[in-house]
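Per this note's numbering, the sequence shown runs over residues 2 to 492.
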Amino acid sequence: MGKNLTSRAEDYSKWYNELVVKSDLAENSGVRGCMVIKPYGYAIWEKMQAQLDKMFKETGHENAYFPLFIPKSYLSKEASHVEGFAKECAVVTHYRLKNAEDGSGIVVDEDAKLEEELIVRPTSETIIWDTYRRWVQSYRDLPILVNQWANVVRWEMRTRLFLRTAEFLWQEGHTAHATKEEALEEAEQMMHIYAEFAENYMGVPVIKGTKTESERFAGAEETYCIEALMQDGKALQAGTSHFLGQNFAKAFDVKFATKEGNQEYVWATSWGVSTRLMGALVMTHGDDNGLVLPPKLAPIQVVIVPIYKGLDQLDAISEKVEPLVKELRSKGISVKYDKRDTHKPGFKFNEYELKGVPIRLAVGQRDLENGTYEVARRDTLTKETVKAEEIVEKVASLLEDIQENIYNKALDFRKKHITEVDTYEDFKKVIEEKGGFVSAHWDGTAETEDKIKEETKATIRCIPLGAQKEEGKCMVTGKPSEQRVLFAKAY
Numbered sequence: 002m003g004k005n006l007t008s009r010a011e012d013y014s015k016w017y018n019e020l021v022v023k024s025d026l027a028e029n030s031g032v033r034g035c036m037v038i039k040p041y042g043y044a045i046w047e048k049m050q051a052q053l054d055k056m057f058k059e060t061g062h063e064n065a066y067f068p069l070f071i072p073k074s075y076l077s078k079e080a081s082h083v084e085g086f087a088k089e090c091a092v093v094t095h096y097r098l099k100n101a102e103d104g105s106g107i108v109v110d111e112d113a114k115l116e117e118e119l120i121v122r123p124t125s126e127t128i129i130w131d132t133y134r135r136w137v138q139s140y141r142d143l144p145i146l147v148n149q150w151a152n153v154v155r156w157e158m159r160t161r162l163f164l165r166t167a168e169f170l171w172q173e174g175h176t177a178h179a180t181k182e183e184a185l186e187e188a189e190q191m192m193h194i195y196a197e198f199a200e201n202y203m204g205v206p207v208i209k210g211t212k213t214e215s216e217r218f219a220g221a222e223e224t225y226c227i228e229a230l231m232q233d234g235k236a237l238q239a240g241t242s243h244f245l246g247q248n249f250a251k252a253f254d255v256k257f258a259t260k261e262g263n264q265e266y267v268w269a270t271s272w273g274v275s276t277r278l279m280g281a282l283v284m285t286h287g288d289d290n291g292l293v294l295p296p297k298l299a300p301i302q303v304v305i306v307p308i309y310k311g312l313d314q315l316d317a318i319s320e321k322v323e324p325l326v327k328e329l330r331s332k333g334i335s336v337k338y339d340k341r342d343t344h345k346p347g348f349k350f351n352e353y354e355l356k357g358v359p360i361r362l363a364v365g366q367r368d369l370e371n372g373t374y375e376v377a378r379r380d381t382l383t384k385e386t387v388k389a390e391e392i393v394e395k396v397a398s399l400l401e402d403i404q405e406n407i408y409n410k411a412l413d414f415r416k417k418h419i420t421e422v423d424t425y426e427d428f429k430k431v432i433e434e435k436g437g438f439v440s441a442h443w444d445g446t447a448e449t450e451d452k453i454k455e456e457t458k459a460t461i462r463c464i465p466l467g468a469q470k471e472e473g474k475c476m477v478t479g480k481p482s483e484q485r486v487l488f489a490k491a492y
């Protein structure tokens with residue numbers, strides 16, 4: 002199986018597009034801007050989902066499901082929210098089709114116009130807060146800690162698999178609290194959970210921070226984010242958590258009786274990550290041979306490929322391999338024994354390398370005689386021979402080692418691609434020639450932020466949390482600045 006992948010150095014964007022398709026993660030569909038997530042890609046998403054779901058439940062959250070359709074009037078109740086999403090909404094106007102009278106096919110039945118148009122959810126704050134009004138009467142009903150796994154639709158003109166599609170899968174958490182402090186704590190907690198997932202499971206180092214006012218979620222008072230850096234030096238927002246203040250509670254009249262008997266508006270958060278994380282996974286670790294998957298999220302952690310001539314040899318190898326498969330599975334390791342006779346070993350080696358399977362074991366006649374396995378690791382492409390009696394232990398420790406190694410490799414890359422600058426000239430040069438994160442002083446105004454974006458295409462990715470305060474001057478206007486912020490070109 003020849004990979005024929007464009008190299009990253011030659012054309013990073015093309016490399017990404019080819020890799021997603023060739024490694025069987027996803028493909029474009031018959032519907033413009035929408036993708037088909039293939040079984041292998043969906044298996045990775047399921048592993049992501051399972052881990053995140055566990056983390057949500059461990060912090061007291063429950064899953065629920067809300068309607069896909071949102072009445073147009075709901076969306077208009079929160080002004081900044083509707084402004085943020087208006088240009089991306091898919092709208093349902095009719096509820097029936099009919100055969101055209103001239104026999105030319107199916108047409109929309111003009112008599113079946115909806116009284117009020119319905120929006121296909123771009124996000125669910127409005128429908129959920131309309132529901133919470135019925136759920137909340139007193140402080141005893143709070144907090145509400147709800148998450149929803151769903152699909153959303155945001156009409157995109159320029160799409161890329163996983164990174165930007167008209168329909169995508171995600172989770173969205175929506176919580177309601179009695180106090181501002183509790184809501185802020187929740188929003189921050191979820192950012193930390195996302196960061197822990199990105200770093201410990203995806204092997205993707207992230208920078209935690211807050212967004213500037215112009216980059217905040219529509220309707221939020223504060224947006225917390227995690228920002229990752231891809232191998233082409235562009236940033237990717239990997240997750241966001243929003244403190245919504247009382248904006249949605251006021252828009253949907255969600256009040257509660259306090260212990261003292263007063264009526265107060267509820268405090269809110271919302272937070273989400275999407276199948277965009279799949280794109281982050283591909284772009285952070287992939288190489289010119291294909292995907293490099295972190296063992297914790299790989300659908301197949303170990304693949305075993307027999308090398309044989311004739312069925313007798315295959316039977317002898319299978320006799321040795323099958324107990325090993327059982328033993329590895331009993332230790333929670335996912336294994337595939339690929340004894341298809343329709344493809345040669347070389348084809349299989351290529352296929353699993355392309356698909357990013359962390360460990361490949363090869364076993365042939367000589368290995369049977371010597372009581373050994375050939376062990377190849379995907380991240381470093383190195384091979385070694387291991388005794389059969391040591392193989393289980395070796396595989397378990399290798400999986401841990403690979404998980405750690407790919408994270409450290411990505412971390413080293415990021416460290417080399419955070420550049421401090423003090424002048425706008427230097428800033429432009431680094432953004433254009435080196436890429437990555439650029440740490441610089443900014444005067445805190447939207448005008449300066451817009452000017453930088455217009456002239457360099459770089460945006461403020463975040464105001465890093467816990468960064469040292471450092472007096473300085475804005476690189477553009479020379480006005481005073483309290484701390485550096487991180488800029489980058491982004492997906």
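Using N, Cα and C, we set each Cβ at its ideal position, and we do this for glycine too. Every value quoted in this text rests on a predicted model; they were computed, and no experiment measured them.
How long is the line joining the alpha carbons of residue i and residue j, rounded to whole angstroms?
i	j	result
residue 109	residue 124	27 Å
residue 298	residue 49	7 Å
residue 220	residue 127	11 Å
residue 248	residue 241	18 Å
residue 152	residue 169	6 Å
residue 46	residue 478	45 Å
residue 262	residue 189	29 Å
residue 114	residue 378	59 Å
residue 42	residue 393	27 Å
residue 134	residue 140	13 Å
residue 251	residue 217	19 Å
residue 383	residue 13	25 Å
residue 1	residue 308	Because the chain is modelled from 2 through 492, residue 1 falls outside the range shown and cannot be assessed.
With DSSP as the reference, label residue i as helix, strand or coil.
i	result
residue 1	Residue 1 is absent from the model: the chain starts at 2 and stops at 492.
residue 117	strand
residue 257	strand
residue 409	helix
residue 62	coil
residue 112	helix
residue 217	coil
residue 170	strand
residue 86	helix
residue 452	helix
residue 301	coil
residue 371	helix
residue 312	helix
residue 24	coil
residue 37	strand
residue 487	strand
residue 194	helix
residue 288	strand
Tell me, to the nearest whole angstrom, how far the beta carbon of residue i is from that of residue j; I am working on the premise that it is less than 8 Å.
i	j	result
residue 230	residue 438	6 Å
residue 266	residue 305	Actually they do not touch by this definition, with Cβ atoms about 60 Å apart.
residue 222	residue 246	4 Å
residue 121	residue 69	6 Å
residue 214	residue 447	7 Å
residue 39	residue 51	The Cβ separation is near 19 Å, so there is no contact.
residue 460	residue 454	5 Å
residue 119	residue 154	Not confirmed; about 12 Å, so no contact.
Output needed for residue i: all residues of its chain with C-beta closer than 7 Å, excluding positions within five of it in sequence on either side, in chain order.
i	result
residue 187	176, 178, 270
residue 172	53, 148, 149, 150, 273, 274
residue 408	200, 204, 206
residue 212	224, 226, 463
residue 9	16, 232, 289
residue 1	Any question about residue 1 goes unanswered here, given that the chain covers just 2 to 492.
Can you list, in chain order, the residues of its chain with a C-beta nearer than 8 Å to that of residue i? Leave out the 5 residues immediately preceding and following it.
i	result
residue 441	421, 422, 423, 428, 476, 485, 486, 488
residue 74	117
residue 142	136, 257
residue 235	436, 489, 490, 491, 492
residue 183	144, 268
residue 345	none
residue 264	256, 257, 258
residue 107	98, 99, 100, 101
To which residues of the same chain is residue i closer than 6 Å at the C-beta, ignoring the five residues directly before and after it?
i	result
residue 483	470
residue 466	209, 210
residue 157	34, 165, 167
(request) For the region 18-32 and the region 156-176, state whether three or more C-beta atom pairs, one from each stretch, are separated by less than 8 Å. (result) With the cut-off at 8 Å, the region 18-32 and the region 156-176 touch.
(message) I'd like to know if the region 283-298 and the region 347-363 are in contact, where contact means that at least 3 CB-CB pairs between them fall below 8 Å.
(response) Short answer: they touch.
(message) Does the contact criterion of 3 or more C-beta pairs under 8 Å hold for the region 317-324 versus the region 75-92?
(response) no
(request) Give a yes or no on contact between the region 322-330 and the region 389-405, applying the rule of three or more CB pairs nearer than 8 Å. (result) yes
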